[in-house]
Structure formats: C-alpha cells, structure tokens
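Residue numbers (UniProt numbering): 1 to 69. The structure appears below as structure tokens.
This is the structure:
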C-alpha cells in the first residue's frame, strides 16, 4: 500500500498515477475488511477505488486534448 502511494506521486504518466491511487484505495478497503469493518470496506471500495478513479480517468480524458500550449 505504501509502495503504491509513493508510486502515485512519482509516476510521470497521469493515468498510471490515477491507477496507483485507485490501488491504494482498494488495499485500504481490504484492510478495513480484515479489521472487521465490512461496511466501511464496501464504501471505500465503491467510492474510493471505483467512483473516484472513474471520475479522475474521465476528467483526464476530457482535458487531455486541451493542452495546446
């Protein structure tokens, strides 16, 4: 989890950073599940790993073509 967090900061490619950040959320979700908090794990997986990653990818795709400078 720590390695993925550092990788999200170090990667030059924004898509790779987004995927690494999503992986951190997915690992946090697994950690919450092992700590006997399945409701928090499901929420983290749905919102943190799923929805947030999807929003970042959509935003990246929409703004990628506007870099004309």
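Ideal placement from N, C-alpha and C gives every residue a C-beta, glycine not left out.
Query                                                                          : Result
For residue 5 and residue 20, the rounded distance between their alpha carbons : 7 Å
Residue 18 burial status per 10 Å Cβ neighbour count (16 or more: buried)      : buried
Residue 69 versus residue 33 - alpha carbon distance                           : Model confidence at residue 69 stands at a pLDDT of 49, short of 50, so the residue's coordinates are unreliable; what they give is reported in the following sentence. Roughly 46 Å separates the two Cα atoms.
Candidates 60, 53, 30, of which the one nearest residue 42 by Cα               : 30
Spatial distance of residue 2 from residue 49 (CA atoms)                       : 16 Å
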